[in-house]
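If you're matching positions, the sequence shown starts at 1 in UniProt numbering and goes up one per residue.
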Amino acid sequence: DKERGEGDKERGEGDKERGECDKERGEGDKERGEGDKERGECYKDRGECDKERGEGDKERGECDKERGEGDKERG
Numbered sequence: 001d002k003e004r005g006e007g008d009k010e011r012g013e014g015d016k017e018r019g020e021c022d023k024e025r026g027e028g029d030k031e032r033g034e035g036d037k038e039r040g041e042c043y044k045d046r047g048e049c050d051k052e053r054g055e056g057d058k059e060r061g062e063c064d065k066e067r068g069e070g071d072k073e074r075g
């Protein structure tokens, strides 16, 4: 029983260490979550920029169309 008690104590130590590892892995997961959140923000910002660039392209298209009209009339 004394030996079994020793074994239980050692197993308890192992469980404690594994608990520490799990806690550290939890920290890592939390940090990765933060990173994912920040990357999400970046994607959102880039989406905004892409939308604005789309607006700019549309306006440039309008200008090109108007210039085309002018060229046609001049021709």
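Beta carbons: idealized from backbone N, C-alpha and C, even for Gly. Since this is a predicted model, take the numbers as computed values, not measurements.
**Asked** Can you tell me the Cα-Cα spacing of K58 and G26, whole angstroms?
**Response** By one-based count along the sequence shown, residue 58 stands at place 58. By one-based count along the sequence shown, residue 26 stands at place 26. So the alpha carbons of these two residues sit roughly 47 Å apart.
**Pairwise C-alpha distance: G28 and E55** = Start at 1 with the first residue of the sequence shown, and residue 55 comes out as number 55. Start at 1 with the first residue of the sequence shown, and residue 28 comes out as number 28. Going from the Cα of E55 to the Cα of G28 covers about 40 Å.
**Asked** Does DSSP put D15 in a helix, a strand or coil?
**Response** Within the sequence shown, the letter at position 15 stands for residue 15. Residue state, collapsed to three classes: helix.
**Request:** Any chance you could list the beta strand (DSSP E) runs of at least 3 consecutive residues sitting entirely within the UniProt region "Disordered" (1 to 75), in chain order?
**Result:** none
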